[in-house]
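Counted from 1, the sequence shown has number 188 at position 205 by this note's numbering; the numbering is strictly sequential. Beta carbons: idealized from backbone N, C-alpha and C, even for Gly.
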Amino acid sequence: MALARRDFLKAVGGASVAGSLVGYATPAAAAMPAALAFGFTDDNVPMNAANLCPMPSSVVTAHARYAQALDLSLSTASRAGVEALKEDARSRVAAMLGTSADEIAIVRNTSEANNTIVQGMPLAEGDEVVLWDQNHPSNDVAWEVQASRLGATVRRFSVPTDTGSIDEVVDLFVAAVGDKTKVVSFTHISNITGFRLPAAEICAAVRKRKGDIHIHVDGAQTWGAVDIDLGAIEADSFSGSAHKWFMGPREVGILYVRERHIDSIWPNVVSIPWGRTKDDAPTGARKFDALGQRDDAAVAALADTAGFHEAMTPAGIEERSMMIANRLREGLQDLNVKFVSTANPAFTSSIVILSAPRENSRQIVEQVYDNAGVQAAATGGLRMSPHVYNTADHVDRVIAAVKKSRALLS
Ligand SMILES: Cc1ncc(COP(=O)(O)O)c(C=O)c1O
């Protein structure tokens, strides 16, 4: 949702209290401000959600509490108490994504989730996998490795970032599908351009073109940033990392697999809680998260992170994140600098990227950090990915820092 800069200012009026959302005029913030606080300081502000997010302080505390509980007592009761939160997390994450808990596996990250689909997909010789050429390696080269193992083929295609309309994007996807296509896999929001694909429209059109295609959506840049209803999108699987936009524990991720496909996808790792025979699999998508001993405290803290999202609501988080990103986009546009990310509101996301020569991008990230106290990234240029914990002040400091370093940009 695009909101003008002045609307942003109205909404976040007093929000320059760094590291805190206390000033945000949202019902969630008003109801539970302490639970919405983050621990970072004003001179060291993260703006790199596309890579890694801080956890809210309430989640940091909960995570430490679970870890401590386990270290104080490894009794059955103590362990069961922490482990039980995994199912709590699963149900709450599923509810927010519009799926059933049985369709959600709690894995370690998007790379693992993507590879579960890549390696578990029953592909045969001659089958074709169609990939958007902006996919992350775990959803790109991973398919190529698997295809060469099985004698399948990979076809990549492009969507120019200056594409004008959703229909044009959808047509490019449909045109890429052939009679041998068995899988279409794409990143919902590109980490290298910030381009947001119209996932629902693509899935519906691809499904219409060929009914037996498995559509996998990499949601690494979506989950926790966008209010997505997987029940309403005809994707067959979807992946995400809690440590990115979901602002959750590190090395915790999710894999959604639509119920009708769970039986046909092979698990990569088989361990407890499988039973003694191959038919004794854990229920539903849990068969994909039987990874042996886990960091149970981190997995449990996913439930607390879900609580944070419930309090702010996924729609509220998306709106706020986009408001902040739009302020940044508009402020940078005023500088007349060259963008990698699109300005077309049909495809914008909270990832804003400026074009920078490869040899300069690290230096400009350093200068922005030195001058603004804000950490951006050198992915695809100068990449800034603000989230709900960023304020108008952070954005304005970044714009001023970019202005100062503009000679390093393309
Ligand atoms: C689109 C996309 N997919 C997958 C990944 C891998 O995420 P992780 O390192 O959490 O497995 C990333 C990481 O940036 C990404 O941007």
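Ranges of the alpha helix (DSSP H) found wholly within the region 50 to 102, counting only runs of at least 4:
59 to 80
Would W257 and G103 be called neighbours here (beta carbons separated by less than 8 Å)?
Contact: no.
What are the uninterrupted segments assigned as alpha helix (DSSP H) that are 4 or more residues long and contained completely in the region 100 to 167, given in chain order?
124 to 133, 149 to 159
Three Cβ pairs or more, each shorter than 8 Å: is that satisfied between the region 163 to 178 and the region 101 to 117?
These segments touch.
Ends of the beta strand (DSSP E) at D201?
First-last of the beta strand (DSSP E) with D201: 197 to 201.
Report the option in A50, P39, F23 whose CA atom is closest to the CA atom of D279.
A50
For T176, list the residues DSSP reports as bridge partners.
Per DSSP, none; premise fails for T176.
S324 burial status per 10 Å Cβ neighbour count (16 or more: buried)
Its Cβ being crowded by 16 or more others within 10 Å, S324 is buried.
I need the DSSP call for R277, collapsed to helix, strand or coil.
coil
Neighbour-count burial assignment, A390, 16 or more Cβ in a 10 Å radius:
A390 is exposed by the Cβ-count criterion.
Closest to A32 by CA distance: which of A329, Q316, T205, V320 is it?
Answer by Cα proximity: T205.
Which term fits K270, buried or exposed, when burial requires 16 or more other beta carbons within 10 angstroms of its beta carbon?
buried
S332 Cβ short of 7 Å to ligand 1 heavy atom set:
no
So the beta strand (DSSP E) I336 belongs to, where does it begin and stop?
335 to 337
Residues sharing a beta bridge with R366, DSSP:
Looking at the DSSP output, R366 bridges to I336, A360.
Does the structure place the region 220 to 234 close enough to the region 311 to 320 that three or more beta carbon pairs sit under 8 Å?
no
Residue from S368, N251, R310, R243 whose Cα sits closest to the Cα of I336
Comparing Cα-Cα distances from I336 to each of S368, N251, R310, R243, the minimum goes to S368.
Cα-Cα separation, S173 to N118
As the crow flies, the alpha-carbon of S173 is around 7 Å from that of N118.
Quick one: measure Cβ to Cβ for A375 and A355, integer angstroms, because I've assumed they're closer than 8 Å.
So it is not a contact: roughly 13 Å between Cβ atoms.
Ends of the beta strand (DSSP E) at G231?
Note, G231: premise wrong, no beta strand (DSSP E); not H, not E.
Work out the CA separation of A47 and A182 for me, nearest whole Å.
37 Å
Contacting residues, own chain, Cβ-Cβ under 8 Å from P105 (five flanking each side not counted)
S247, I248, W249
Would a C-beta distance cut-off of 8 Å place R179 and E217 closer than the cut-off?
no
Have a look at P340 and S141 and give me their C-alpha separation to the nearest angstrom.
22 Å
Hey, how far is the Cα of N251 from the Cα of D272?
In a straight line, the C-alpha of N251 is about 9 Å away from that of D272.
Under the criterion of a Cβ to heavy atom distance below 7 Å, does D201 qualify as lining ligand 1?
In this structure, D201 has its beta carbon less than 7 Å from a heavy atom of ligand 1.
Helix, strand or coil for T170? Go by DSSP, reduced to three states.
strand
Starting from G314 and walking both ways along the alpha helix (DSSP H), at which residues does that stretch end?
297 to 316
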